[in-house]
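First up is the structure itself, then whatever we jot down about it.
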Amino acid sequence: MNPADPVWVQLAHDRWASRNVFAACAGVGEAVLHRRFEMGLGSLHDTAVHIVGALRLWTDVLAMRPGRPWIDGAPRRTPGELMEILGEAAGDLSAHAWDGPMDQWLERERLGTVHRYTRAVVIAHVTTHGMHHRAQMLNMLRHAGVSPLPHSSVVEWGRAGCPG
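Mind the numbering: the sequence shown is residues 1 to 164 in my numbering, read in order.
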């Protein structure tokens with residue numbers, strides 16, 4: 001735990017913020033969880049699954065291991081199941097973030113094309129990707145009448161004591 005390390009800050013904040021938003025989803029009920037919205041991936045559930053799926057995918061890149069199957073094809077998941085998968089995925093991401101130097105080149109194959117990224121770019125991408133989709137989820141929660149909205153900003157994380 002090092003709140004002075006920007007990589008640690010990104011990873012710890014991402015996990016904390018996603019956990020807070022996913023926890024808010026636990027209180028909205030099945031209908032709202034799957035309600036269609038004209039934003040994000042279309043529902044709270046599908047957007048949460050996408051966030052967790054991306055964490056898993058990019059962790060596989062950081063760990064230089066074969067990619068696991070994408071989880072969005074699975075049956076519907078409860079907020080509790082999503083939080084459990086999030087905990088595992090975020091822990092795995094943190095465990096592999098420092099497997100090499102931040103300027104280490106990594107490869108990811110997508111649709112027949114191999115793309116190269118530094119370890120730092122992968123970490124920045126996965127955490128800002130999560131922030132982007134959490135913002136969509138916050139807007140969905142707002143449209144569903146949830147108030148107050150869960151804390152999710154880096155500043156709120158800092159005020160909470162920088163939980164790891």
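In this text, a Cβ means the ideal position worked out from N, Cα and C, and glycines have one as well.
- Here the alpha carbon of A124 sits roughly 8 Å from the alpha carbon of Q10.
- By the neighbour-count criterion, in which a residue is buried when 16 or more other Cβ atoms sit within 10 angstroms of its Cβ, L111 is exposed.
- Counting C-beta pairs with one atom in each stretch, the stretch 55 to 75 and the stretch 84 to 93 have three or more that are closer than 8 Å, which means they touch.
- Put simply, the stretch 28 to 40 does not touch the stretch 112 to 120. Fewer than three CB pairs are less than 8 Å apart.
- For W16, the enclosing alpha helix (DSSP H) has its first and last residue at 6 to 26.
- In this structure, DSSP gives W70 a state outside helix and strand, which the three-state scheme calls coil.
- Contact between the stretch 139 to 150 and the stretch 33 to 52 is present, with at least three C-beta pairs closer than 8 Å.
- DSSP places W58 inside the alpha helix (DSSP H), whose first and last residues are 44 to 62.
- The beta strand (DSSP E) runs of length 3 or more contained entirely in the stretch 75 to 156 are, from start to end of the chain, 105 to 110, 113 to 118.
- Between V21 and S152, the C-beta gap is smaller than 8 Å, which places the two residues in contact.
- Here the alpha carbon of G87 sits roughly 12 Å from the alpha carbon of A23.
- The DSSP-derived three-state label of E30 is helix.
- Distances from the alpha-carbon of W70 to those of A63, H133, R76, H50 put H50 closest.
- Linking R77 to L44 through their CA atoms gives a straight-line distance of about 11 Å.
- Using a 10 angstroms sphere on the CB of M83, the tally of other CB atoms reaches 16 or more, which defines it as buried.
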